[in-house]
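What follows is a single structure, written as structure tokens, with notes after it.
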Amino acid sequence: SAAEKGGYASFMLKEIAEQPKAVADTLLGRIGVDGALTLDELRIPAAVLKAVDKVVIVACGTAFHAGLIAKYAIEHWTRIPCEVELASEFRYRDPILGGRSLVIAVSQSGETMDTLMALRHAREQGATVLAICNTNGATIPRESDAVLYTHAGPEVAVASTKAFLTQLVACYLVALYLGQVRGTKWGDEIRAVIRDLAAISGEVGRVLETMEPVRELARSLSGKKTVLFLGRHVGYPVALEGALKLKELAYMHAEGFAAGELKHGPIALIEDDLPVVVVVPSPRGRSVLHDKIVSNIQEIRARGARTIVIAEEGDEAVVPYADHLVRIPATPTLLQPLVATVPLQVFACELATARGNEVDQPRNLAKSVTVE
Ligand code: G6P
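For the sequence shown, UniProt numbering gives the first residue as 244, with consecutive numbering after it.
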């Protein structure tokens, strides 16, 4: 009913709008007065966390994209090797696991059968399994050794939005906590990241306030057949997520690529007026990557692409090559997906609506897939 949607036209719009609060709620009560993390709720003994020699993330769909981003954070902050695998592929390839493996199962619903089977397999191999889940008491957290709830609140729209952002925050928390417990030498850096995380919900709110041009652009592209998405580093999974949202909601052909792979194939797809969304890394954080992506934007534009550039405020290098420029607030590199994903959600939702699609209940999809 309209009341349940809180005045929004769809649950999806409502859930997109709820993201600043959802992100803040994921952090609530998990940061101590001293600025360190208090995740005793995990109830995994410190000795086990200290002994972890490998992290494996298993998930499906949007949660898988959160896992792909988490890998960058976990490896950078903890130096523990991290793999990310589609849950549906995991157990069938006889993965190498043992008592020192930490398997993280990321699932909004906590009922996805592929993810459940992956975690059962991991536990049989002696791994410790941590669930990152949005649904209290669901099967996946119940069958895991530990759980970190995302506290995003119920997500009704089939296409995941606020659950995704909060999965990211939960993954960052796990990564930082691993660093904290293992006593890496950068305790101050952990505290600085935690401060940045605490500020990010406000930044997500700021992005939401500037979305009208994105909606306008989405409506103008509703007759297109294909949209491509490019990104690098953590922007690559963001590109994958932007493409997934468009497939799910607008039933359009959409693909995400790592921008460095363009020259190895996808650049052949570029043709006149093809919309290409590019997620640009911060010029401060990874300046080499930033410059490379600016070259990519030039290359595709020279071949006729219509460039839709998502770039930090103050990034002037992209301006000459952007047919459409979407500004996002400056954030630390690893946290950028929390703000960069939001315009892509709005874009897909608006484009789908312009095409007359039912955004809360896309055809052929289910909110939670309880069959393998
Ligand atoms: C379904 C939904 C997706 C979701 C995926 C994983 O396919 O349509 O939106 O990302 O399942 O769901 P989970 O509940 O495990 O996060």
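Here a beta-carbon is modelled for each residue, glycine too, at the ideal position from N, C-alpha and C.
Opposing strand residues paired with residue i [DSSP bridges]
i      : result
Leu373 : Ile347, Ala389
Ile274 : Leu280
Nonlocal neighbours in the same chain, by C-beta distance under 8 Å from residue i, ignoring five residues either side
i      : result
Ala415 : Inspection of the sequence shows that residue 415 is occupied by Tyr rather than by Ala. If we look at Tyr415 and ignore the five residues flanking it on each side, its Cβ neighbours are Ala313, Ala316, Val436, Leu440, Leu577, Leu578.
Pro572 : Glu446, Arg449, Val450, Glu555, Glu556, Val582
Tyr564 : Val537, Ile540, Gln541, Arg544, Thr550, Val552
Gly476 : It should be pointed out that residue 476 corresponds to His in this sequence rather than to Gly. Taken in chain order, the residues that qualify are Tyr315, Pro524, Arg529, Leu532, Thr576.
Leu373 : Leu285, Ile287, Leu345, Val346, Ile347, Ala348, Ser387, Asp388, Ala389, Val390, Leu391, Val417
Val519 : Val470, Leu471, Phe472, Leu473, Ile513, Ile543, Ala548, Arg549, Thr550, Ile551
Lys468 : Met495, His496
Gly278 : Arg434, Ile437, Arg438
Pro586 : Val450, Met454, Val457, Ile553, Val569, Ile571
Thr382 : Gly353, Glu354, Leu359
Nearest neighbour of residue i, chosen from the options [CA to CA]
i           : options                        : result
Thr393      : Thr453, Val266, Pro338, Ser530 : Val266
Leu408      : Arg529, Leu421, Leu270         : Leu270
Val412      : Asp337, Gly353, Ala306         : Ala306
Ser403      : Val457, Arg366, Cys592         : Cys592
Phe333      : Ala252, Leu362, Val276         : Leu362
Ile347      : Asp337, Arg549, Cys325         : Cys325
Asp534      : Lys248, Ser463, Val349, Ala502 : Ala502
Val291      : Val424, Val349, Asn377, Phe472 : Val424
Arg546      : Arg570, Val561, Leu517         : Leu517
Gly275      : Arg434, Tyr251, His364, Glu328 : Arg434
Glu328      : Lys264, Asp337, Arg336, Ile300 : Ile300
Arg527      : Ala493, Ile510, Asp558         : Asp558
Asp283      : Ala560, Gly304, Leu421, Gly508 : Leu421
Val522      : Leu568, Lys506, Leu492         : Leu568
residue 637 : Asn377, Arg385, Asn379, Val614 : This structure cannot settle anything about residue 637, because the visible part of the chain is limited to 244 through 615.
residue 692 : Arg570, Thr321, Gly380, Gly304 : Any answer about residue 692 is impossible in this case: the structure gives the chain only from 244 up to 615.
Ile443      : Ser253, Gln588, Pro580         : Pro580
Ala260      : Glu452, Leu359, Thr371, Ile375 : Glu452
Leu464      : Arg598, Gln262, Ile323, Val298 : Arg598
Span of the beta strand (DSSP E) around residue i
i      : result
Glu328 : 325-329
Lys297 : 297-302
Delimiting residues of the alpha helix (DSSP H) encompassing residue i
i      : result
Lys405 : 405-424
Met360 : 356-367
Ala294 : 289-294
Met255 : 254-260
Residues near residue i by beta carbon distance below 6 Å, same chain, minus five either side
i      : result
Gly369 : Gly341, Gly342
His308 : Pro480, Leu483, Glu484
Gly310 : Ile300, Ala302, Val327, Val349
Glu318 : Cys325
Phe590 : Val457, Ala461
Lys257 : Lys248, Gly249, Tyr251
Asp296 : Arg343
Asn377 : Gln351, Thr393, Ala395, Ala406
Gly478 : Val522, Pro524
Thr613 : Glu354, Met356
His364 : Arg334
Ser253 : Val602, Asp603
Chain-order list of residues whose beta-carbon lies under 7 Å from that of residue i (same chain, five-residue window excluded)
i      : result
Thr611 : According to the sequence displayed, residue 611 carries Ser and not Thr. Answer for Ser611: Ser352, Glu354, Thr355, listed in chain order.
Leu608 : Val401, Glu491
Glu398 : Glu258, Gln351, Asn377, Lys405, Ala406
Met255 : Ala400, Ala402, Thr404, Cys592, Val602, Asp603
Lys293 : Val424, Arg425
Pro605 : Val401, Ala402, Glu491, Leu492
Leu419 : Leu280, Trp320, Ile433, Val436, Ile437
Arg273 : Leu280, Thr281, Leu282, Leu416
Gln588 : Ile259, Thr404, Lys488
Completely contained alpha helix (DSSP H) runs for the UniProt domain "SIS" (460-605), where each covers 4 or more residues: 478-493, 530-545, 580-597
Which runs of the alpha helix (DSSP H), 4 residues or longer, sit entirely within the segment 428-462? 430-451
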